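Going by full-length UniProt numbering, the sequence shown opens with residue 1, and the numbers climb by one from there.
Glycine is no exception: its CB is placed at the ideal position from the N, C-alpha and C atoms.
All figures in this text were calculated on a predicted structure; none of them were measured in a lab.
The next block holds one structure in the form of structure tokens; read it before the comments.
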Amino acid sequence: MVDRAARATDLADLDAAVSDCFACSRLVDWREEVARTRRAAFRDQRYWGRPVPGFGASDARIAILGLAPAAHGGNRTGRIFTGDRSGDVLFAALHRAGLANQATSVAIDDGLTLRDTRIFSAVRCAPPDNKPTPQERDNCAPWLHREVTLIRPTLRVVVALGAFAWAAWWPTLRQVYGLRPPSPRPAFTHGAHWSGTAVPDLLGCYHVSQQNTFTGRLTPGMLDDVFARAKQLAGVD
Ligand code: SF4
Numbered sequence: 001m002v003d004r005a006a007r008a009t010d011l012a013d014l015d016a017a018v019s020d021c022f023a024c025s026r027l028v029d030w031r032e033e034v035a036r037t038r039r040a041a042f043r044d045q046r047y048w049g050r051p052v053p054g055f056g057a058s059d060a061r062i063a064i065l066g067l068a069p070a071a072h073g074g075n076r077t078g079r080i081f082t083g084d085r086s087g088d089v090l091f092a093a094l095h096r097a098g099l100a101n102q103a104t105s106v107a108i109d110d111g112l113t114l115r116d117t118r119i120f121s122a123v124r125c126a127p128p129d130n131k132p133t134p135q136e137r138d139n140c141a142p143w144l145h146r147e148v149t150l151i152r153p154t155l156r157v158v159v160a161l162g163a164f165a166w167a168a169w170w171p172t173l174r175q176v177y178g179l180r181p182p183s184p185r186p187a188f189t190h191g192a193h194w195s196g197t198a199v200p201d202l203l204g205c206y207h208v209s210q211q212n213t214f215t216g217r218l219t220p221g222m223l224d225d226v227f228a229r230a231k232q233l234a235g236v237d
């Protein structure tokens, strides 16, 4: 799997390769079981049930790094943050920021496009209870590292959604940029900003999960501030 990720020549090749990954037996079982049993509301749909590739511009200056696909969102539709409440909040914010052509993301063929932005997750398969293990995170890291390598020429800012994504970013500095990550690692907080030399800036943002958005811990205004900051740092109009 590590070799296959490293051999991916472009994003289309990477997307095809990651979609065919079976490296984590627990996650393979879970993603396929969810796809078989389905939620009642989606009983008539055919679930994707495989790893979910990144989505967005190949010349992105802003990357949004999430945790993992949702069982009945990305694992159902085949596109990250698509078909779930987290995606509703995220894409509405990206649309307000002028980074998405529409405010909704409901299906892989719904016409959504992103400008200057690419979205991917640290773990590419839906995990039980949205909780991947450290081993599963490490298994999946080569896909993340290759994706960042492929957009490295334009990438300027990474927005980490939540502490898991924030922590998953640091090994990328070594694997993609050949730099030693800071020690100790900067702590994750909403609005945290870390910058280094010749590497993308890192912004922390609470995850767009219902747990945060339904409780008001993360508001639309807070997301607007994060994306305004990301655009400013990335030089996006
Ligand atoms: S989580 Fe990543 S490494 Fe594990 S099976 Fe899915 S795509 Fe492969």
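Non-local beta-carbon contacts of C140 in its own chain, meaning distances under 7 Å to residues more than five positions away in sequence, involve A122, V123 and R124 in chain order. Counting only runs that start and end inside the region 32-93, the beta strand (DSSP E) elements of at least 3 residues fall at 62-66.
When the beta-carbon positions are compared, P69 and V18 stay at least 9 Å from each other.
Judged by DSSP in its simplified three-state form, G178 adopts coil rather than helix or strand.
If you check the C-beta of V28 against the ligand SF4, you find a heavy atom less than 8 Å away. P53 and S183 have their alpha carbons spaced roughly 31 Å apart. Put simply, the region 210-218 does not touch the region 169-188. Fewer than three CB pairs are less than 8 Å apart. Boundaries of the beta strand (DSSP E) around C205: D201 to C205. Sixteen is the threshold: when 16 or more other Cβ atoms of the shown chains lie within 10 Å of the Cβ of E147, as they do, the residue is buried. Nearest to L155 by C-alpha distance, out of I62, C24 and A92, is I62. The Cβ atoms of V157 and P200 lie closer than 9 Å to each other. Fewer than three pairs of CB atoms, one per stretch, sit closer than 8 Å, so the region 130-138 makes no contact with the region 39-46. The closest CA to that of S105, considering only L233, T189, A163 and A92, is found on A92. Counting the other Cβ atoms within 10 Å of the Cβ of R31 gives 16 or more, which makes it buried.
In this chain, T215 is not harboured by any beta strand (DSSP E), its DSSP state being neither H nor E. Not one heavy atom of the ligand SF4 is found less than 8 Å from the C-beta of E32.
Residue pairing for V157: DSSP places it in a beta bridge opposite I62 and D201.
Taking the C-beta atoms as reference points, L114 is found nearer than 9 Å to A60. With at least 16 other beta carbons inside 10 angstroms of its own, G66 counts as buried.
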